[in-house]
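To start, the structure itself, in structure tokens.
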């Protein structure tokens with residue numbers, strides 16, 4: 008660009024800025040950084056965000072299947088049984104208006 012006129016140099020720089028190219032000449036190390044910034048971020052790459060399964064969807068599906076009786080979740084069954092046994096022993100949460108403060112007033 009040494010032999011070009013001032014107008015031509017300015018137009019070349021403007022064109023490079025418009026089309027996302029490097030405005031000033033740079034070395035290979037700086038060009039590597041430019042290439043890295045041209046790529047989409049890691050979080051927007053499909054191979055990165057699709058790596059793990061959709062846990063929310065799988066959980067909702069297994070809950071529906073469990074409700075219909077087509078899927079057996081032993082851990083959830085155990086938790087429900089423990090909750091039921093606690094309620095039979097009277098260890099559940101009190102109903103609204105039957106707590107410690109309400110019983111003191113009576």
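Residue numbers (my numbering): 8 to 113.
All C-beta atoms in this analysis are idealised placements derived from N, C-alpha and C, irrespective of residue type, glycine included.
Asked                                                                                                                                                                      : Found
Just to confirm before moving on: does the CB-CB distance between residue 29 and residue 41 stay below 9 Å?                                                                : yes
May I ask which residues mark the beginning and end of the alpha helix (DSSP H) holding residue 18?                                                                        : 13 to 25
With a threshold of 6 Å on Cβ separation, who are the neighbours of residue 107 within its own chain once the five nearest residues in sequence on each side are excluded? : none
Whole angstroms are fine: how far does the CA of residue 60 sit from the CA of residue 73?                                                                                 : 20 Å
Helix, strand or coil for residue 36 per DSSP?                                                                                                                             : helix
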